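All remarks here apply to the structure that follows.
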Amino acid sequence: MNQTHLHSRRPRSDKAEEIGARIRERRDILGLTVAEVSRAIGLTKGAVSQYETGRACPKQEKIDALAEVLGTSREWLMTGHEPEHLAYAQNAAELRILALMRKIPADLYPFLLAAVKGIAEACPIGGSE
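Residue numbers (UniProt numbering): 1 to 129.
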């Protein structure tokens with residue numbers, strides 16, 4: 001019997017499985033496909049699928065990219081806990097913006113982020129709502 005086949009798959013780690021479950025949860029909530037997420041972060045669909053199933057654990061730069069595309073924090077992807085300032089930051093205006101953003105294809109998120117960042121940097125800190 002060929003024993004090589006039995007060891008060809010990477011063992012899953014609890015950490016990788018937990019991160020993968022959170023990636024899939026956010027992707028499903030946002031209504032994104034694996035293909036959309038993979039295009040947005042510059043990976044193959046297979047790589048994102050491996051993350052979601054816990055067969056691979058994303059490196060830090062991919063965690064950051066995933067957090068950005070999935071509209072969450074690195075901390076939440078890694079631990080399941082949102083930083084307090086993010087968990088309670090949502091108000092009616094932010095929720096409306098988020099609802100509109102979710103209608104935009106994920107591959108356009110980098111452009112959206114650049115536009116919002118430009119507006120934020122041009123505005124004085126503590127602007128009114």
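Glycine included, each C-beta is placed from N, C-alpha and C at the ideal position.
For clarity, every value in this text was computed on a predicted model and none was experimentally measured.
Three-way DSSP call (helix, strand, coil) for residue i in this model
i: residue 32; result: coil
i: residue 80; result: coil
i: residue 118; result: helix
i: residue 100; result: helix
i: residue 70; result: coil
Expected contact under 8 Å - CB spacing of residue i and residue j to nearest Å
i: residue 106; j: residue 34; result: About 11 Å separates the two Cβ atoms, so there is no contact after all.
i: residue 95; j: residue 26; result: Actually they are not in contact, since the Cβ atoms of residue 95 and residue 26 sit about 16 Å apart, beyond 8 Å.
i: residue 16; j: residue 57; result: 4 Å
i: residue 19; j: residue 78; result: 7 Å
i: residue 82; j: residue 76; result: 5 Å
i: residue 109; j: residue 40; result: 6 Å
N- and C-terminal bounds of the alpha helix (DSSP H) containing residue i
i: residue 106; result: Residue 106 -> no alpha helix (DSSP H), and no H or E assigned at all.
Any non-hydrogen atom of the ligand ATP within 6 Å of residue i CB
i: residue 30; result: Among the components of this structure there are no ligands whatsoever, and the ligand ATP is therefore not found.
Straight-line gap, residue i to residue j (C-alpha atoms, nearest Å)
i: residue 65; j: residue 121; result: 21 Å
i: residue 42; j: residue 116; result: 21 Å
i: residue 62; j: residue 74; result: 10 Å
Write down every uninterrupted run of the alpha helix (DSSP H) in the stretch 16-66 whose length is 4 residues or greater and which is fully enclosed by it, in chain order.
-> 34-41, 45-53
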